[in-house]
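Structure first, then comments.
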């Protein structure tokens, strides 16, 4: 039988409860991961530096491109000196980052900050609604003047990062001038020259003929048949670009020019994509290590001058040497399919999901002030180009005009920049501002802009707008995709390598539909229609 509390017992319980509330409200508890006392809202300076008077430590989970350890990067040392916020880092290689991120969410052993984490809309909705990620909109309004100004000036950006429950759980990288949805494919210019190619392929058949020449005519001139016409890592770096030959904008789902949403892996154009890759595979024109090699292994082949066609952010990242304009973009190839040729284009508004604060973070106000620095000119400069007087200096500070300095100890400037800042090969939070690059544009920057104008923009369309599904829709899509994505990925590899004959396409297509391909298209169609109607209001 339950006993009632004595009056003194009730008073003691109330006192203990009040103490617990005070402790929770103060934000002074450590996070259990070596963090020191946190910056409570009362102790966070809303302007100027330092952000907090008493030093605090926060943990960060982020992807690692292998250029340098994050705790050695000068931008973070400078930020720690300015803000009194020290960061400790847990990183995972880019190739395994998504797997590690999923494990972290599943384990509940959370970092205080997810940085450059590519949090998908599904992850934002799921982990935001569960309370794993905290809402950010009030913190933005009170502690992020740079970001708040950008969102007030660009309401479409705020809409694109707000989930159906009305909350913002992750921050974007804002770049209205962005073009690439995926970085382009490049031709090895030395191979083109050696083979006397003056007109680039315009159809898949012409591309096949060119790659066949690469395989048989020794364009690297070493007397060995070691050329690799087309290489990839698990097709993830070339898939979207090749799908565009057959009028498809994305590897999972996309809206065509009429606003109809398609689930890509069951489209007839997807069958043609598989057929083309299988043809390349059978004739040894697609690297037979495609499904097993890492990005570093792929790059080693490029630096050995073996590869004819490849993907990277810039061609010299793959081929080595100094930046140059000798390796042209591959323009999208024409087929008889509707909309062909097409190229997927960046939304130009926001790259979402780059930054989030977890429920374990003991100092969300200070954290928001820390990241807000990257949404202003000075912070954008620091995280894009490193500290002043290392790789650059001002020639006219009032007008924000800079010039490059010699690279310390020689070497490649871009690779050295990757040792200073995490903004190298991954998308970090922040904003692209024209004044940040004044005086620093290079010949290759101008070349990329021209190649974009000629080979990308005439065929470009945003595959799908930045929208969020409702929680019910997201749960259904997540459940469907958990099995479907594995099945599609496995069957793609089997079709390409010939383990599964393409004569079984209709059987595969029926299985995809049975597993929910049509339903996924229906859900994203409804979300697209809601977004489209909002735009018309």
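Numbering (mature numbering (1 follows the signal peptide of the UniProt record, and there is no 0)), first residue to last: -22 to -1, 1 to 515. For every residue, glycine included, the Cβ atom is placed at its ideal position computed from N, Cα and C.
- Secondary structure in the segment 84 to 168: the alpha helix (DSSP H) runs of 4 residues or longer, each lying completely within the stretch, are 99 to 107, 115 to 121, 123 to 131, 133 to 138 in chain order.
- For residue 74, no beta strand (DSSP E) run applies, since DSSP gives it neither H nor E.
- Looking at the DSSP output, residue 322 bridges to 439.
- Inclusion of residue 231 and residue 442 in the CB contact set at 8 Å is warranted, their separation being smaller than that value.
- For the segment 252 to 327, the full-length beta strand (DSSP E) segments reaching 3 residues or more read 285 to 289 along the chain.
- Per DSSP, the unbroken beta strand (DSSP E) holding residue 208 starts and ends at 206 to 208.
- The three-state secondary structure of residue 390, taken from DSSP, is coil.
- Secondary structure at residue 342: helix, using DSSP grouped into helix, strand and coil.
- Closest in C-alpha terms to residue 374, from the list 211, 357, 413, 89, comes 413.
- Residue 37: member of the beta strand (DSSP E) spanning 34 to 42, first to last residue.
- Between residue 296 and residue 280, the C-beta spacing is below 8 Å.
- When the Cα atoms are used, residue 498 and residue 89 turn out to be separated by approximately 32 Å.
- Around the beta carbon of residue 165, 16 or more other beta carbons sit within 10 angstroms, so the residue counts as buried.
- Contact between residue 40 and residue 69 is confirmed by a C-beta separation of about 5 Å, below the 8 Å threshold.
- In this structure, residue 125 lies near residue 118, with their beta-carbon atoms less than 8 Å apart.
- Under DSSP, the beta-bridge partners assigned to residue 408 are 151.
- Counting other Cβ atoms within 10 Å of its Cβ, residue 396 reaches 16 or more and is therefore classed as buried.
- Contact between residue 213 and residue 478 is absent: CB atoms are separated by about 15 Å, not below the 8 Å threshold.
- DSSP, read as helix, strand or coil, puts residue 366 in coil.
- Ranked by how close their Cα comes to the Cα of residue 461, the residues 416, 161, 330, 494 have 494 in first place.
- Under the DSSP assignment, residue 381 falls in the beta strand (DSSP E) whose first and last residues are 379 to 382.
- Spatial neighbours of residue 173 in its own chain (CB-CB distance under 7 Å, excluding positions within 5 residues in sequence) are listed in chain order as 191, 195, 197.
- Secondary-structure assignment with DSSP links residue 66 through a beta bridge to 37.
- DSSP places residue 335 within a strand segment (E or B) once states are collapsed to three.
- Here residue 380 is buried. Its C-beta has 16 or more other C-beta atoms within 10 Å.
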